[in-house]
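Following this note's numbering, the numbering of the sequence shown begins with 925 at its first residue and continues without gaps.
Glycine included, each C-beta is placed from N, C-alpha and C at the ideal position.
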Amino acid sequence: MIRDITLGQYYPAESPIHRLDPRVKITATLLFIIELFIVDNFPGFAICAAVLGAVILVSRVPLKFIMRGMKPILFILFFTFALNIFMVKGEVIWELGFLHITKEGIRIAVFMAVRLVLLIMGSSMLTLATKPLNLTDGMERMLSPFAKLGFPAHEIAMMMTIALRFIPTLLEETDKIMKAQQARGADFESGNIIRRAKALIPVLVPLFVSAFRIAQDLAMAMEARCYRGGSGRTRLHEMKLKTRDIVAFILEAAFLVLIILEARYF
């Protein structure tokens, strides 16, 4: 299951989505998240799902690869669905003791599940279709106006990108440690949830040691390349908005207006 997590991974492909300016993709992701919380009916979610499906199709990232990243959150989805379907008050359609299901509970539970799925899939597209270095440059450029106020734009962007980039690395290290301990007789699958959680405690120590080792190797590599932060730093490829980026931004704005109108009048 650990290998199923796709957050922070980059999927190389030649597509219009990959070629877009990272600032446009970051803005699109933020707007998509806002739109998901504006929507409050099924037609609105259908529109969001259709647009996201079109983006995935154009990006040439396999849908199977994206859906694989949904497996680790199935428990969260189920827990959120059950919590809403049994705890929301309203018109009761089924009751057993203190448990009851209402029409309002079903509606909210489905809404929350769909919103969470679309949110994770939409957010994953940002890292799947953007190289880590480009993502850092895009974040830095978007935060650069705050640098005049003393905000460390480059450092914040670098930390966020490194954190995303090393999620797959740490997951791979966790998988290796667990397999090594299973080969020595460790059991991570039998018993209840509490027993499984306790069985994972011996994994934490070697995982932290591995994380510190990776961080030290990264720091030494950056120092060997004379990295000194964002001050005076030059880039091989300067970011410039092209026609396709402007068209994409206009489409993003139009989609936001469409969602607002749909939520207000329908």
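- Query: What separation, rounded to the nearest whole angstrom, lies between the Cα atoms of ARG1168 and VAL963?
  - Reply: Walking along the sequence shown from the start, residue 1168 turns up at place 244. Walking along the sequence shown from the start, residue 963 turns up at place 39. Each residue's alpha carbon lies about 27 Å from the other.
- Task: Quick one: measure Cβ to Cβ for VAL1127 and THR1098, integer angstroms, because I've assumed they're closer than 8 Å.
- Result: For this step, residue 1127 is matched to residue 203 along the sequence shown. For this step, residue 1098 is matched to residue 174 along the sequence shown. With 8 Å as the limit, VAL1127 and THR1098 qualify as a contact, their Cβ atoms being about 7 Å apart.
- Message: In the DSSP assignment, the alpha helix (DSSP H) including THR1060 goes from what residue to what residue?
- Response: Locating residue 1060 in the sequence shown gives position 136, counting from the first residue. Element bounds for THR1060: 1056-1067.
- Query: Which residues share a DSSP beta bridge with GLU1019?
  - Reply: What you label residue 1019 is simply residue 95 of the sequence shown in a count that begins at 1. GLU1019 is bridged to HIS1024.
- Buried or exposed by the 16-neighbour rule on C-beta atoms within 10 Å, applied to ALA1177: Stepping through the sequence shown from its first residue, residue 1177 is reached at position 253. So ALA1177 ends up on the exposed side.
- Task: Kindly indicate the opening and closing residues of the alpha helix (DSSP H) around ILE997.
- Result: One-based indexing of the sequence shown puts residue 997 at position 73. Here ILE997 belongs to no alpha helix (DSSP H), and DSSP marks it neither H nor E.
- Task: Put PRO986 into one of helix, strand or coil per three-state DSSP.
- Result: Along the sequence shown, one-based indexing puts residue 986 at 62. Coil at PRO986, not helix or strand.
- Item | Proximal residues to PHE1173 (C-beta, below 6 Å), its chain only, five neighbours per side dropped | Working through the sequence shown from its first residue, we reach residue 1173 at position 249. Excluding positions up to five away in sequence, the list reads VAL948.
- Unbroken alpha helix (DSSP H) run spanning ALA1110, endpoints: Position 186 of the sequence shown holds residue 1110. Per DSSP, ALA1110 belongs to no alpha helix (DSSP H) and is neither H nor E.
- Message: With the cut-off set at 8 Å, would you say ALA1081 and THR1060 are in Cβ contact?
- Response: Sequence index remark: in the sequence shown, residue 1081 carries index 157 (1-based). Sequence index remark: in the sequence shown, residue 1060 carries index 136 (1-based). A contact, by the Cβ cut-off of 8 Å.
- Message: Please give the ranges of any alpha helix (DSSP H) in the region 1088-1151, keeping only runs that are unbroken, at least 4 residues long and fully inside the region.
- Response: 1117-1123, 1125-1148
- Message: What does the alpha-carbon distance come out to for the pair ILE1025 and ILE1118?
- Response: Taking the sequence shown and counting its residues from 1, one reaches residue 1025 at position 101. Taking the sequence shown and counting its residues from 1, one reaches residue 1118 at position 194. Distance between the alpha carbons of ILE1025 and ILE1118 is about 29 Å.
- Task: May I ask you to check if the CB of PRO1126 is nearer than 7 Å to at least one heavy atom of the ligand GDP?
- Result: This structure does not include the ligand GDP; it has no bound ligands of any sort.
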